[in-house]
């Protein structure tokens, strides 16, 4: 049994319809929101589209994918996606930061694949520094976790605005 919520992350090239009117995702979110175990849904577009669904358990998501609602869900999401999409699930930690990160005005999603010489403890140390960072103007927090489907890790950072996020990225490069 899952001890904490799992986050479904869907990253996609946004269709013209979604770029023009992000409410086109609402019919899909209506299906997901009515499903058992759906705890929260988030979406957005900047350079690509994304959808984040917090599930009580991974099984809740799998049950939806095997239900008679899946065909309609795929059709509705198809209106948002131009081409292919990438989906993964992760148990983000610390779970106490998850709400703050997802509710931020700007949330960035990234993936990390460890080099052969790196260890999980190396990543833990770096992510701990980020999670515990204090006094960074515009930074609201971070979470990370191992992806369920792969050996990669995912992380999310939260920001007050896109301008602050991009400025930090260019400043630190």
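Residue numbers (our numbering): 1083 to 1255. Don't be surprised by glycine CBs; every beta carbon is placed ideally from N, CA and C.
Cβ-Cβ distance between residue i and residue j below 8 Å
{"i": "residue 1140", "j": "residue 1091", "result": "no"}
{"i": "residue 1168", "j": "residue 1093", "result": "yes"}
{"i": "residue 1194", "j": "residue 1235", "result": "yes"}
{"i": "residue 1137", "j": "residue 1160", "result": "no"}
{"i": "residue 1113", "j": "residue 1150", "result": "no"}
{"i": "residue 1220", "j": "residue 1203", "result": "no"}
Same chain only: Cβ atoms within 7 Å of residue i, ignoring 5 sequence neighbours per side
{"i": "residue 1096", "result": "1127, 1130, 1131, 1162, 1164"}
{"i": "residue 1086", "result": "1173, 1177"}
{"i": "residue 1218", "result": "none"}
{"i": "residue 1101", "result": "1127"}
{"i": "residue 1121", "result": "1087, 1136, 1137, 1138"}
{"i": "residue 1106", "result": "1099, 1100, 1161, 1162"}
Residue nearest to residue i in terms of C-alpha spacing, selected from the options
{"i": "residue 1173", "options": "1103, 1232, 1098, 1106", "result": "1232"}
{"i": "residue 1239", "options": "1189, 1123, 1177, 1151", "result": "1189"}
{"i": "residue 1182", "options": "1143, 1145, 1241", "result": "1241"}
{"i": "residue 1142", "options": "1154, 1153, 1171", "result": "1171"}
{"i": "residue 1108", "options": "1216, 1098, 1125", "result": "1125"}
{"i": "residue 1186", "options": "1222, 1175, 1166, 1121", "result": "1222"}
{"i": "residue 1230", "options": "1121, 1144, 1103", "result": "1144"}
{"i": "residue 1147", "options": "1117, 1121, 1099, 1104", "result": "1117"}
Per DSSP, the bridge partner or partners of residue i
{"i": "residue 1088", "result": "1137"}
{"i": "residue 1236", "result": "1193, 1227"}
{"i": "residue 1122", "result": "1136"}
{"i": "residue 1108", "result": "None, per the DSSP bridge assignment."}
Cutoff 8 Å; reference residue i; Cβ partners in own chain excluding five residues on either side
{"i": "residue 1123", "result": "1111, 1114, 1115, 1133, 1134, 1135, 1136"}
{"i": "residue 1224", "result": "1179, 1183, 1209, 1212, 1213, 1215, 1237, 1238, 1239, 1240"}
{"i": "residue 1205", "result": "1194, 1196, 1226, 1235"}
Proximal residues to residue i (C-beta, below 6 Å), its chain only, five neighbours per side dropped
{"i": "residue 1155", "result": "1110, 1113"}
{"i": "residue 1245", "result": "none"}
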